[in-house]
Structure formats: structure tokens, C-alpha cells
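Only one structure is covered here, and it is reproduced in the block below.
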Amino acid sequence: MVIAVIDGMGGGIGAQIVTQLRQELPLDVEILALGTNAVATQKMMQ
């Protein structure tokens, strides 16, 4: 299964969602963090 998290502002909410999903889902689930701008992308990759 692949889940995409898309954040279009500062990336803060997207990063929180990715962190929570990673804690709750098994490791075989792939999570893609996508930012619609450079700031959001950088924040979600941290």
C-alpha cells in the first residue's frame, strides 16, 4: 500500500501526519511526503 501526504503551505501539518502514520502503520506501507512548494517539501523531509 502507498499513502501520499500532500502539504501546500509550510509543511508542518503534513510532517505531523507523516509522523503519526509511520507510528501507526506497519513498515511495509510506503508513505510519500509531497510538498507543493520548497518550504513544505523541506519541512516534510526532516
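Okay, so the sequence shown: first residue is 45 according to the numbering used here, each after it adds one.
The beta-carbon is built from N, C-alpha and C at its ideal position, and this holds for glycine as well.
Chain-order list of residues whose beta-carbon lies under 7 Å from that of residue 53 (same chain, five-residue window excluded): Here residue 53 refers to the residue found at position 9 of the sequence shown. Closer than 7 Å at the Cβ level, and outside the excluded window around residue 53, lie 84.
Delimiting residues of the alpha helix (DSSP H) encompassing residue 83: Here residue 83 is taken as the residue at index 39 of the sequence shown, counted from 1. Note, residue 83: alpha helix (DSSP H), 82-89.
Three-way DSSP call (helix, strand, coil) for residue 76 in this model: Within the sequence shown, numbered from 1, the residue matching residue 76 stands at position 32. It is a strand residue.
CB of residue 55 within 8 Å of CB of residue 79, strictly: In the sequence shown, counting from the first residue as 1, residue 55 sits at position 11. In the sequence shown, counting from the first residue as 1, residue 79 sits at position 35. The answer is yes: Cβ separation under 8 Å.
Through-space distance from residue 87 to residue 74, alpha-carbon basis: Along the sequence shown, one-based indexing puts residue 74 at 30. Along the sequence shown, one-based indexing puts residue 87 at 43. Cα to Cα, residue 74 sits roughly 18 Å from residue 87.
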